[in-house]
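Single-structure report; data block below.
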Amino acid sequence: MNNSRQDIVSAEDIRPYVKLLGKSGWLMVLLAVIGYGIGRVVTHRQVDKYNATAEILLTRGGGISDLQGMGNARATAMWGSYLDETRNQIRILNSYDLIGRSIDKINDPLDLFLVGRLKELPVGGFSVLDIDVQAEAFAPSMLGKSLNLFIQSSTTYKITFETKDGGIVEIDARFGDLVTAHGLNISVALSKEVRFDSARTEAAKEQHFRIRVYNRNNRIYQYRSQMTAGNIEMTSIVTLTCSNVLPSRAKRFLDTLASTYIDYTAEARHASNLQAEEYIDNQLIEIESMTDSLAQLVDYYKDQKNIIDLSKEQAQYFSMLVDLERNRRELDLQIESLNSLNSYLITSSSNTALPPTSFLFVEDKLMLDQMGELFALQARRSSLLLDVKEGASVIRRVDSTLSQIRTGIKRYLGDFKSALEGRRDDLNVEIRLLEVRLASLPQTQRDILAMERKLAVNEKLSLFLLEQKATTIIARANITPEASLIERARYAGLVGPNKQRTILTYVLAGFVLGIVIALIRLFFFARIDSTGELREVAKFPVIGGIPFHKGVSEDPLAVRADNRSSVTEAFRALRTNLQYLLAKEGANVILVSSLHPSEGKSFVSSNLASILAKAGKKVAMIDFDLHKPRIHEYFGLKNRAGTSNLLVGKAAISDVKTTGPYPTLDIISAGPIPPNASDLILSERMKPLIAELKKEYDYVILDTPPILLISDALVLMQHVDTALLVTNTSQSSRRGIRHLEDLLEQNNLSHASFVLNGIKPRRLLKYYSKYAARYGYYSYGSGYAEGYGYGETYVDNV
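Using our numbering, you'd call the opening residue of the sequence shown number -12 and step up by one each time.
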């Protein structure tokens, strides 16, 4: 049983994240600090917003106390109707028309600002300027535009604004004059206190004033967006809230809106009452005119005809006849009211027109209740139309209920009218009987009697109308709004913006952006800086790592300069690993190449040849980079003859080799650079040349061009026993390693190993992004890219 415990998280697991923090932590902190600075600037320029609140009590339809004593089902239904009514009133409070009435009362088309270097500060007014504008006369393009005002002297000022195309318009004007140019309609006056005070005038010249003008529609939409109305749960209280950059403006708007709404709730009943009074007055005028005419006519007949007084019995009949005719006239009024009401029901199918004034003479309680229910539903329908369109489901349900109520009222009206007409027929019979009994009177006296009868009827009817008028006036005096203000608008505190949250958001955004950039660098552009990391990425073996050598420009043969240096020890370890790698007898040909230029392949090949020679091995160092040779420079030799001469068959090995710094090390430089270097690599002399070198030397090291730019190394790998692919920490990336391995796999080359060059000491924790320049290798890359015609180059992005 294996009792060994493995760590859940190994050092290798967290190493990429430690690397991320080490290389990009400064970037995260920097971007977070930049985000903090931006957040401070943004919050400094933000304008504070304040809330004001007010509360209105709705008294229409009763309240919770009315539900006490009801059954659960009935109470639930009634409470549902209260909630619907409350929602309807909230819609009315948010309606365009009601807010428009409030805006008309406020009449404040100006937004005023004092402009500083970074922000504009909203103010309620300018102490030095009196501004008068006609917003409705402004051109639409000028509404809401920032107009800048600058005082130039005690008599003149300047208006500037920006056009759509970015131009600046300047208007010079005198205080008190009306400015109508460019679609404006504005008059500015300098206050008296400043006009006669030169010191204050000079101070005012330094100020930058700004105004924005809005018409009625603009203001309505602004306040509708700034205001919210809600209902306190289980009450008939509506809470109004308004936010604005000026708390005084928010309070003023809520007070005006509440006052306008309260007046609105009583308007309909006031209008109906006034209409009834007007109708009664018209009837009284008509009756008084008729009464005066009849009285004069009766007096005339009595004086001219010598009419005698009636007997006691005839006087009684006359009194009864007067009462019957008065009753008949009242019935006629009621029937007329019913006819008017029926016409109203037919012609006003779904509107909210006021009922006919003659409806006030209907005294049937059931009829009054049904009409009251009809009017309430019509008012609810009008409220719903403020938020939904005609044809919505809720409107259709209300219309269905209205239709049912109208049908019931019409049926009841018909029955009631028939009953009244029956009573009127009975009165007509009784009146005719009394008229027969009075028929014995002389014709003249009967005429007088008829006129007196009409006169008495009109007098009683006039008295009845006067009583109705008094009742109407008293009822109007008792009309109260169906809502009341229980809490005036008050300041509710600062509501925004949340500046701390804004700053924190910018800081987090900067930090997250730093993390994103760091992760992109880690996964796409991060450099491989250790052999362990290279082993994780590479499929091929990693047989060694070479530390960064500072003195490469002075003496590229690091193993000769210091026998105990870390670089020398690294090459000794590489030499040992190569012995295991070339365990097969006779395997001694080593190719050294890289993916990019300036990765140190010539540095590795020359020092590897030197360390092998120091061990007493007979080594041949051959420069197969026929495009941009460097080996002869590393050993301080002349490049007169070399590999190119061997490949064209114009020289033997003994003719071109030169003994290096160690007796057992022979150097063969590249020789003259041929115009067809890549073709020479493919020549038939290549294989015999490698075979001859292999027999004569213990190790044969071939320095070849970078694989990315030239394919010579891939061709030569077919003739060698192993290949060392040098990659540098300043250029090595996951993408580059995968690309190099793909090239090898595509060419069926598997006998290759990686060597990581330029490893930095961990204790320094620095990113040597420019260290390759110290080798002087960048000219190598430019040499390949220009003048050799190698075609498109592969770029490993940084």
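C-beta atoms are modelled at their ideal positions from N, C-alpha and C, and glycine is treated no differently. Predicted, not measured: the structure shown is a model, and the values here were computed from it.
**OP:** In the DSSP assignment, find the unbroken alpha helix (DSSP H) run with Thr489 in it and report its ends.
**Re:** For Thr489, the enclosing alpha helix (DSSP H) covers residues Lys486 to Ile507.
Subject >> First through last residue of the alpha helix (DSSP H) which encompasses Phe125 >> reply: Under the DSSP assignment, Phe125 falls outside any alpha helix (DSSP H); it carries neither an H nor an E label.
**OP:** With Asp159 as the anchor, note down where its beta strand (DSSP E) starts and where it stops.
**Re:** Note, Asp159: beta strand (DSSP E), Ile155 to Arg161.
Original post:
Could you give the distance in angstroms between the alpha-carbon of Thr716 and the alpha-carbon of Ala560?
Top reply: Distance from the CA atom of Thr716 to the CA atom of Ala560, rounded to whole angstroms, is 19 angstroms.
Subject >> Spatially closest choice to Ala282 from Lys441, Phe196, Ala363 and Ile272, by CA coordinates >> reply: Nearest to Ala282 by alpha-carbon distance, out of Lys441, Phe196, Ala363 and Ile272, is Lys441.
**OP:** Please name the residue or residues paired with Gly636 in a DSSP beta bridge.
**Re:** DSSP lists no partner for Gly636.
**OP:** Going by CA-CA distance only, name the one from Ile224, Ile677 and Ile461 that's closest to Phe611.
**Re:** With respect to the C-alpha of Phe611, the residue from Ile224, Ile677 and Ile461 having the closest C-alpha is Ile677.
**OP:** Identify, in the order they occur along the chain, each residue of the same chain with its Cβ nearer than 6 angstroms to the Cβ of Gln33, setting aside the five sequence neighbours on each side.
**Re:** Sequence-distant partners of Gln33 (beyond 5 residues in either direction) whose C-beta falls short of 6 angstroms from its own C-beta, in its chain, are Pro484.
Original post:
Shortest alpha-carbon distance to Thr714 belongs to which of Val524, Lys106, Lys145 and Arg182?
Top reply: Across the set Val524, Lys106, Lys145 and Arg182, the C-alpha of Val524 shows the shortest separation from the C-alpha of Thr714.
Original post:
Quick one, which of Ser235, Arg315, Gly217 and Glu72 has its alpha-carbon nearest Asp413's?
Top reply: Selected option, being the one with the closest Cα: Arg315.
**OP:** Take Ala462 and list the residues in its own chain whose beta-carbon comes closer than 7 angstroms to its own, dropping the five residues that flank it on each side.
**Re:** Asn260, listed in sequence order.
**OP:** Can you give me the Cβ contacts of Gly658 inside the same chain, cut-off strictly under 6 angstroms, excluding the 5 residues immediately before and after it?
**Re:** Cβ within range, chain order: Ala628, Gly629, Thr630, Ser631 and Asn632.
Original post:
If Ser585 sits next to Arg547, beta carbons under 8 angstroms apart, how far is it from one beta carbon to the other, in whole angstroms?
Top reply: Contact annotation, Ser585 with Arg547: C-beta distance approximately 22 angstroms; criterion of less than 8 angstroms not satisfied.
Original post:
Would Thr459 be called buried (16 or more neighbouring beta carbons within 10 Å of its own) or exposed?
Top reply: Buried is the call here.
**OP:** Give the DSSP-derived three-state secondary structure of Met221 in the structure shown.
**Re:** Annotated three-state conformation of Met221 is coil, per DSSP.
Subject >> Backbone CA spacing between Lys6 and Tyr208 [nearest angstrom] >> reply: Using only the alpha carbons, I get a separation of about 56 angstroms.
Subject >> Same chain, Cβ closer than 8 angstroms to Thr691, five either side skipped, listed in chain order >> reply: Scanning its chain for C-beta atoms nearer than 8 angstroms, with the 5 sequence neighbours on each side dropped, one finds around Thr691 the residues Leu578, Val579, Ser580, Lys588, Phe611, Asp612, Asp699, Ala700 and Leu703, in chain order.
Subject >> When Ser230, Leu80, Ile21 and Ser246 are compared against Ile93, the one with the closest alpha-carbon >> reply: Comparing C-alpha distances from Ile93 to each of Ser230, Leu80, Ile21 and Ser246 shows the shortest one belongs to Ser246.
**OP:** Could you work out which residue in Glu254, Ser141, Pro616 and Leu165 is closest to Ile654 when comparing CA atoms only?
**Re:** Among Glu254, Ser141, Pro616 and Leu165, the Cα nearest to that of Ile654 belongs to Pro616.
Subject >> Own chain partners of Pro534 with C-beta closer than 7 angstroms, once the 5 adjacent residues on each side are dropped >> reply: Around Pro534: Ser553, Val554, Ala557 and Ile746.
**OP:** Consult DSSP for Asn94 and reduce its assignment to one of helix, strand or coil.
**Re:** Asn94 falls in the coil class under three-state DSSP.
Subject >> Within 8 angstroms, strictly: CB atoms of Leu99 and Ile504 >> reply: The answer is no: Cβ separation not under 8 angstroms.
Original post:
When you compare each of Arg236, Ile219, Met214 and Asp242 to Cys790 by their alpha carbons, which one comes out closest?
Top reply: Because the chain spans -12 through 785 in this model, residue 790 falls outside it and cannot be assessed.
Original post:
Which one of Leu355, Ala470, Asp117 and Ile90 has the shortest CA to CA distance from Thr46?
Top reply: Comparing Cα positions, the closest option is Ala470.
Subject >> Buried/exposed call for Leu695, threshold 16 Cβ in 10 Å >> reply: Taking all protein chains in view, the Cβ of Leu695 is crowded by 16 or more other Cβ atoms within 10 Å, so the residue is classified as buried.
Subject >> For Arg761, three-class secondary structure by DSSP >> reply: Caution is warranted here: a pLDDT of 39 is assigned to Arg761, below 50, making its placement in the model unreliable, and no coordinate value can be reported.
Original post:
Is the beta carbon of Ala525 within less than 7 angstroms of some heavy atom of the ligand MN?
Top reply: As presented, the structure is devoid of all ligands, the ligand MN included, so that no description of it is given.
Original post:
Using a Cβ-Cβ cut-off of 7 angstroms (strictly less than) and excluding sequence neighbours within five positions of Phe527, which residues of its own chain qualify?
Top reply: Contacts found: Glu728, Ala739, Ser740 and Phe741.
Original post:
Do you know offhand how far Asp279's Cα is from Lys456's?
Top reply: Taken atom to atom, the span from the alpha-carbon of Asp279 to that of Lys456 is near 21 angstroms.
**OP:** Put Leu177 into one of helix, strand or coil per three-state DSSP.
**Re:** Reduced to three states, the DSSP call for Leu177 is strand.
Original post:
Quick one: any contact between the stretch 119 to 128 and the stretch 164 to 177, if contact means 3 or more CB pairs under 8 angstroms?
Top reply: By the Cβ criterion, the stretch 119 to 128 is in contact with the stretch 164 to 177, since at least three pairs of Cβ atoms, one from each stretch, lie closer than 8 angstroms.
Subject >> Stretch-stretch touch, CB-based, cutoff 8 angstroms, three pairs: the stretch 82 to 91 with the stretch 150 to 165 >> reply: No, because fewer than three Cβ pairs between the stretch 82 to 91 and the stretch 150 to 165 fall closer than 8 angstroms, the two stretches do not touch.
Original post:
What does a CB cutoff of less than 8 angstroms around Val482 pick up in its chain, not counting 5 residues either side in sequence?
Top reply: Residues Lys36, Tyr37, Asn38 and Ser230 of the same chain have their beta carbon placed closer than 8 angstroms to that of Val482, with the five preceding and five following residues left out of the count.
**OP:** Answer yes or no: does any C-beta atom of chain D fall closer than 8 angstroms to that of Val181?
**Re:** Annotation note: the requested chain D is absent from the structure, which comprises a single protein chain.
Original post:
Can you give the Cα-Cα distance for Gln391 and Leu244, rounded to whole angstroms?
Top reply: If you draw a straight line from the Cα of Gln391 to the Cα of Leu244, it is about 36 angstroms long.
Subject >> Status (buried if at least 16 other CB within 10 Å, exposed otherwise) for Gln718 >> reply: Buried, since its Cβ has 16 or more Cβ neighbours within 10 Å.
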